[in-house]
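Take any residue in the sequence shown, note its place counting from 1, add 160, and you have its number in this note's numbering.
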Amino acid sequence: MRAIQMHAYGGPEVLGLDEVPTPKPGGHDLLVQVHAAAVNPVDWKIRSGLHVVRYRLPWILGLDASGVVEAVGPEVTRFAVGDEVWSSPVHNRPGTYADYLCINEQQVALKPTNLSHEEAASLPLVGLTAYQSLVDMGDLGPGQRVLIHAGAGGVGSVAIQLAKHLGAEVITTCSSRNAEFVRDLGADQVIDYQKERFDEVVEDVDLVLDSLGEPAFAANLRVLRRGGRLANITLDVGRHVARYGRSLSFVSLVGVLAKLHLWPLMRKGVQARHVVKRSNGEQLGTIAKLCERGVIKPIIDRVLPLAEVQEAHRYSATQRARGKIVLTLGR
Ligand SMILES: NC(=O)c1ccc[n+]([C@@H]2O[C@H](COP(=O)([O-])OP(=O)(O)OC[C@H]3O[C@@H](n4cnc5c(N)ncnc54)[C@H](OP(=O)(O)O)[C@@H]3O)[C@@H](O)[C@H]2O)c1
Numbered sequence: 161m162r163a164i165q166m167h168a169y170g171g172p173e174v175l176g177l178d179e180v181p182t183p184k185p186g187g188h189d190l191l192v193q194v195h196a197a198a199v200n201p202v203d204w205k206i207r208s209g210l211h212v213v214r215y216r217l218p219w220i221l222g223l224d225a226s227g228v229v230e231a232v233g234p235e236v237t238r239f240a241v242g243d244e245v246w247s248s249p250v251h252n253r254p255g256t257y258a259d260y261l262c263i264n265e266q267q268v269a270l271k272p273t274n275l276s277h278e279e280a281a282s283l284p285l286v287g288l289t290a291y292q293s294l295v296d297m298g299d300l301g302p303g304q305r306v307l308i309h310a311g312a313g314g315v316g317s318v319a320i321q322l323a324k325h326l327g328a329e330v331i332t333t334c335s336s337r338n339a340e341f342v343r344d345l346g347a348d349q350v351i352d353y354q355k356e357r358f359d360e361v362v363e364d365v366d367l368v369l370d371s372l373g374e375p376a377f378a379a380n381l382r383v384l385r386r387g388g389r390l391a392n393i394t395l396d397v398g399r400h401v402a403r404y405g406r407s408l409s410f411v412s413l414v415g416v417l418a419k420l421h422l423w424p425l426m427r428k429g430v431q432a433r434h435v436v437k438r439s440n441g442e443q444l445g446t447i448a449k450l451c452e453r454g455v456i457k458p459i460i461d462r463v464l465p466l467a468e469v470q471e472a473h474r475y476s477a478t479q480r481a482r483g484k485i486v487l488t489l490g491r
């Protein structure tokens with residue numbers, strides 16, 4: 161099968177299109193023929209080598225897939241050959257930039273029937289991240305105020321739609337070119353972070369979905385009401401790894417996590433968590449239903465052929481994408 165393999169840690173040029181053996185499904189695995197995958201910032205962060213996740217090379221990256229079940233392991237009970245499925249699988253198995261991959265059936269759901277494979281592939285990782293931040297951790301409900309940073313990005317664009325569905329008042333940050341776009345997604349208040357500081361125009365927020373990380377910790381705490389919640393999804397791991405090396409960066413990152421969790425609690429009774437996306441087929445099933453009802457719509461910046469993965473990584477790393485960058489396998 162075709163697969164994009166990472167042959168070294170470094171720039172986009174370490175990604176190459178290779179012929180590799182098709183994997184064989186284990187007991188609870190589905191062998192999925194991938195129709196489309198997506199690029200996420202974590203892909204180029206890992207590829208750069210400035211991340212705590214390291215693989216024995218060569219390695220196939222990719223954490224989003226939409227495709228068709230080609231074969232099932234002997235213990236599989238929930239899916240059958242021919243099912244159209246989507247998934248954001250786990251980190252520690254070969255990824256989705258390939259013709260086929262094996263995924264445990266617990267991490268898979270039926271793809272939304274109203275979406276193409278390209279559209280569907282844009283959603284699992286960011287959809288689960290938004291769901292686990294706003295619903296699981298954030299407990300967001302009607303009438304609450306949520307600040308969603310980077311509303312025009314992959315996570316932010318889904319989070320705005322989900323938060324509106326939950327009945328919340330949505331405040332978001334973006335540059336001026338994206339202001340109308342995030343309003344159309346449902347944002348009630350838009351802050352152009354290039355022109356004003358969000359902590360000078362926002363207060364009494366119940367929940368912050370923070371994709372900015374350490375530089376915004378103090379400002380996020382200022383805008384939160386006493387007893388609010390902070391769901392952080394970004395730590396600048398690359399800066400810590402570059403500064404301290406991989407081993408010592410674990411120590412400094414534990415320090416950052418301790419500060420993230422304890423400082424807001426002590427200062428304002430704010431519950432803060434670093435949320436890491438969990439692969440969860442059941443939640444993906446819920447998200448699929450929201451897509452079918454038109455509550456969540458895929459937001460795609462561009463679709464590129466698998467062979468143009470280097471360009472897809474370069475573009476993602478600009479951090480200017482509006483929604484998602486999708487890779488099509490050309491089926
Ligand atoms: N913990 C987890 O499980 C998890 C899961 C998913 C993502 N993440 C992390 O969350 C972050 C966001 O991910 P993503 O997929 O949404 O990224 P993305 O799609 O690449 O985000 C791009 C968007 O970020 C906006 N942006 C850039 N700088 C900004 C700033 N200073 N303030 C507000 N908006 C800004 C840009 O809008 P403008 O062009 O308008 O500036 C652009 O639309 C990344 O660091 C990613 O690694 C973590």
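Even glycine gets a Cβ: it sits at the ideal position worked out from N, Cα and C.
Identify whether Leu223 lies in helix, strand or coil by the three-state DSSP scheme.
One-based indexing of the sequence shown puts residue 223 at position 63. The three-state reading of DSSP puts Leu223 in coil, since its state is none of H, G, I, E or B.
Quick check: what's the CA-CA separation for His277 versus Asp243?
For the purposes of this step, residue 277 is taken as the residue at position 117 of the sequence shown. For the purposes of this step, residue 243 is taken as the residue at position 83 of the sequence shown. Approximately 12 Å, taken between the alpha carbons.
With respect to 6 Å, is the separation between the Cβ of Ile393 and the closest non-hydrogen atom of ligand 1 below this value?
Within the sequence shown, numbered from 1, the residue matching residue 393 stands at position 233. Flag set: Cβ of Ile393 near ligand 1.
Taking 6 Å as the line, does the beta carbon of Gly313 fall inside it for any heavy atom of ligand 1?
Counted from its first residue, the sequence shown places residue 313 at position 153. At a threshold of 6 Å, Gly313 counts as near ligand 1, since its beta carbon sits closer than that to one of the ligand's heavy atoms.
With three or more C-beta pairs closer than 8 Å as the rule, is the segment 477-486 touching the segment 301-309?
Fewer than three beta-carbon pairs drawn from the segment 301-309 and the segment 477-486 are found closer than 8 Å, and the two stretches are therefore not classed as touching.
Mind checking whether the beta-carbon of Pro424 lies closer than 6 Å to any heavy atom of ligand 3?
With respect to small molecules bound, the structure shown includes ligand 1 and not ligand 3.
Are any of the Cβ atoms in chain B nearer than 7 Å to that of Gly490?
You won't find chain B in this structure, because it holds only one protein chain.
Three-state secondary structure (DSSP) of Arg406:
As a first step, residue 406 must be located in the sequence shown, where it is residue number 246. In this structure, DSSP gives Arg406 a helical state, which the three-state scheme calls helix.
CB of Lys437 within 7 Å of CB of Thr256, strictly
As a first step, residue 437 must be located in the sequence shown, where it is residue number 277. As a first step, residue 256 must be located in the sequence shown, where it is residue number 96. Note that the C-beta distance between Lys437 and Thr256 is not below 7 Å.
Could you tell me if the beta carbon of Lys271 falls within a distance shorter than 6 Å of some heavy atom in ligand 1?
Walking along the sequence shown from the start, residue 271 turns up at place 111. The closest heavy atom of ligand 1 lies 6 Å or more from the beta carbon of Lys271.
DSSP state of Gln321, grouped into three classes?
Start at 1 with the first residue of the sequence shown, and residue 321 comes out as number 161. The answer is helix: DSSP assigns Gln321 an H, G or I state.
Where Ala290 sits in the DSSP three-state scheme
The count along the sequence shown starts at 1 and reaches residue 290 at position 130. Ala290 falls in the helix class under three-state DSSP.
Quick check on the DSSP output: what are the complete alpha helix (DSSP H) runs of length 4 or more inside the segment 445-487, in order along the chain?
Segments of the alpha helix (DSSP H) lying fully in the segment 445-487: 469-477.
According to the neighbour-count rule (16 or more other Cβ atoms, all chains shown, within 10 Å of its Cβ), is Gln266 buried or exposed?
Taking the first residue of the sequence shown as position 1, residue 266 is located at position 106. Under this definition Gln266 is an exposed residue.
So which of Val469, Thr488, Tyr475 has the shortest CA-CA distance to Leu175?
Taking the sequence shown and counting its residues from 1, the one referred to as residue 175 is at position 15. Of the candidates Val469, Thr488, Tyr475, Val469 places its Cα closest to the Cα of Leu175.
Please go through the same chain and pick out, in chain order, the residues whose beta-carbon is closer than 8 Å to the beta-carbon of Tyr291, but skip the five residues on each side of it.
Counting from 1 along the sequence shown, the entry for residue 291 is found at position 131. Excluding residues within five positions, the ones whose Cβ falls inside 8 Å are Leu322, Gln443, Thr446, Ile447.
Between which residues of its own chain and Asn380 is the CB-CB distance below 7 Å, once the five residues before and five after are set aside?
In the sequence shown, the residue the question calls residue 380 occupies position 220. If the five residues before and after Asn380 are omitted, its C-beta is found closer than 7 Å to the C-beta atoms of Val368, Asp370, Leu390, all from its own chain and listed in chain order.
Got a sec: does ligand 1 put a non-hydrogen atom nearer than 6 Å to the Cβ of Gln443?
In the sequence shown, counting from the first residue as 1, residue 443 sits at position 283. Distance from the C-beta of Gln443 to the nearest heavy atom of ligand 1 is not below 6 Å.
With 16 other Cβ atoms within 10 Å as the buried cut-off, status of Pro375:
The residue you call residue 375 lines up with position 215 of the sequence shown. Exposed, because fewer than 16 other Cβ atoms sit within 10 Å of the Cβ of Pro375.
At a cut-off of 6 Å, is Pro458 close to ligand 1 when judged by its beta-carbon and the heavy atoms of the ligand?
If you number the sequence shown from 1, residue 458 lands on position 298. False, no ligand heavy atom lies under 6 Å from that Cβ.
Of all the options Tyr475, Arg357, Asn274, Gly171, which has the alpha carbon lying nearest to the alpha carbon of Ile206?
Locating residue 206 in the sequence shown gives position 46, counting from the first residue. Distance check between Ile206 and each of Tyr475, Arg357, Asn274, Gly171 places Gly171 closest, using alpha-carbon atoms only.
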